[in-house]
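See below for the structure under consideration.
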Amino acid sequence: MTWNLHTTHVQDGDLVLLVGQRHKHYIITLKAGMEFQTHRGTLKHDDLIGLPWGTQIFSHNGNPFYIYSPSLADVLRDMPRNTQILYPKDIGFIFMTTGVGPGSTVLEAGTGSGAMTTALAYAVGELGKIYSYEVRKPMQKLAQKNLRRLGLAERVDFKMRDIEEGFDETDVDILFLDVQAPHDYIPQARAAIKPGGFFASLVPTSNQVQHLLMALNQSEFAFIEVAEIMLRHYKPQPARLRPTDRMIGHTGYLVFARRVEMSENPHAELPNNEQETGSNDD
34 MTWNLHTTHV
44 QDGDLVLLVG
54 QRHKHYIITL
64 KAGMEFQTHR
74 GTLKHDDLIG
84 LPWGTQIFSH
94 NGNPFYIYSP
104 SLADVLRDMP
114 RNTQILYPKD
124 IGFIFMTTGV
134 GPGSTVLEAG
144 TGSGAMTTAL
154 AYAVGELGKI
164 YSYEVRKPMQ
174 KLAQKNLRRL
184 GLAERVDFKM
194 RDIEEGFDET
204 DVDILFLDVQ
214 APHDYIPQAR
224 AAIKPGGFFA
234 SLVPTSNQVQ
244 HLLMALNQSE
254 FAFIEVAEIM
264 LRHYKPQPAR
274 LRPTDRMIGH
284 TGYLVFARRV
294 EMSENPHAEL
304 PNNEQETGSN
314 DD
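Numbering of the sequence shown is given in the working numbering, commencing with residue 34 and proceeding in unit increments.
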């Protein structure tokens, strides 16, 4: 299987996105000689192989589909899961805030179904590395299966261990916690993050945010931020442009911080984490 984002034409073995009427979508792997059956008709894989991406095709009974290479958001939406996954709106903000990118070394605690792991592995590229910790074996197996399907498993070192014992890694660029009580593991997180590196966590309730903020301050993290991302879609109709009836609201609080190294100067103190609003110009 190949998740092929950089070619112009569909190839045998590609992971493809089929979009039908009312945006009904399917993600399948093409195999020569096979067929894909839906309630809107049958598509022969051989008829798709060799077509340019974006081509409109028709099932045996005349229903239209478009064939695309799936985006990261498409893949995460379609991913088999046993737990709630992060939304693309949150993942994108995490990446922008922490600088996750090609060559990054990222430590993740709470693999779950592997949605965030997939996004991280995609972002760090072939030169980066993800270390992902989980305590539930069935969840880890599901995550490994999901990443193998996308050809990303080699970028991830999966570990089965309680993070209360600490992490094997040190000097990682970014550490992401998606666990029930992240405030309990801040000393372990600090020991794993490189000086100046990033900490990030998704926290569901405001009470947990408060506990996490106190723990971060006690472990000499600074430049702390708390954010909540809302996403509203609009109906793409020029004459009647208006919001859709539903929006993606609260999915969790995002908490960010950076590891700092305090000076031995007796007057040294952590930066004030309260940010001023308005212009940054002095």
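In this text, a Cβ means the ideal position worked out from N, Cα and C, and glycines have one as well.
Would you list the residues sitting across from residue i in a DSSP beta bridge?
i, result
"F69", "L76"
"M280", "R265"
"H58", "V52"
"A139", "A small fix is needed here, since residue 139 is Val in this sequence, not Ala. For V139, which the question treats as bridged, DSSP gives the partners I163 and I207."
"V288", "S234 and V259"
"K316", "There is no way to answer for residue 316, as the model of the chain reaches only from 34 to 315."
"I100", "L51"
"R181", "Its beta-bridge partners do not exist; DSSP assigns none."
"H42", "P85"
"I90", "F98"
"T35", "D47"
"F254", "R292"
"R275", "K268"
"I226", "V205"
Relative to the ligand FAD, is the shortest distance from any of its heavy atoms to the C-beta of residue i smaller than 7 Å?
i, result
"Q251", "The model depicted lacks the ligand FAD and carries no ligand whatsoever."
Are there 16 or more other CB atoms within 10 angstroms of the CB of residue i, so buried, or fewer, so exposed?
i, result
"A272", "exposed"
"H216", "buried"
"G311", "Bear in mind that the predicted position of G311 carries a pLDDT of just 47, short of 50, making it unreliable; the figure below should be weighed with that in mind. Exposed is the call here."
"Y267", "exposed"
"K192", "buried"
"L50", "buried"
"R181", "exposed"
"M263", "exposed"
"L98", "Reading off the sequence shown, one finds Phe at residue 98, where the question assumed Leu. The residue in question, F98, is buried, as its Cβ has 16 or more Cβ neighbours within 10 Å."
"H39", "exposed"
"T277", "exposed"
"H42", "exposed"
"P85", "exposed"
"A260", "exposed"
"L76", "buried"
"F91", "exposed"
"G158", "exposed"
"R27", "Examination of residue 27 is not possible in this model, given that the chain is present from 34 through 315 alone."
"A214", "exposed"
Enumerate in chain order the residues of its own chain whose CB-to-CB distance from residue i is below 7 Å, with the five nearest sequence positions on each side excluded.
i, result
"H56", "none"
"Q225", "Looking at the sequence provided, one finds Ala at residue 225 rather than Gln. Excluding residues within five positions, the ones whose Cβ falls inside 7 Å are L140, F200, E202, T203, V205 and L208."
"A154", "I163, L180, L185, R188 and V189"
"D195", "V168"
"I219", "A248, L249 and S252"
"N115", "S146, M172 and L175"
"N94", "G74"
"T138", "G161, K162, V205 and D206"
Can you find the residues in the same chain that come closer than 6 Å, C-beta to C-beta, to residue i, ignoring five residues on each side of it along the sequence?
i, result
"L183", "W36"
"V212", "A142 and G143"
"E258", "F289"
Which same chain residues, not among the five before or five after residue i, have their C-beta less than 8 Å away from its C-beta?
i, result
"I118", "L109, M112, G145, S146, A148 and M149"
"G66", "H78 and D79"
"F126", "A260, I262 and L287"
Between residue i and chain C, is the shortest Cβ-Cβ distance under 8 Å, so that the two count as touching?
i, result
"G184", "Absent from the structure is chain C; it holds one protein chain and no more."
For the segment 70 to 90 and the segment 130 to 140, state whether three or more C-beta atom pairs, one from each stretch, are separated by less than 8 Å.
no
Taking 8 Å as the threshold, find out whether the segment 91 to 104 comes into contact with the segment 165 to 174 through three or more Cβ pairs.
no
Assess contact between the segment 224 to 240 and the segment 284 to 299, defined as three or more Cβ pairs (one per stretch) separated by less than 8 Å. Is contact present?
yes
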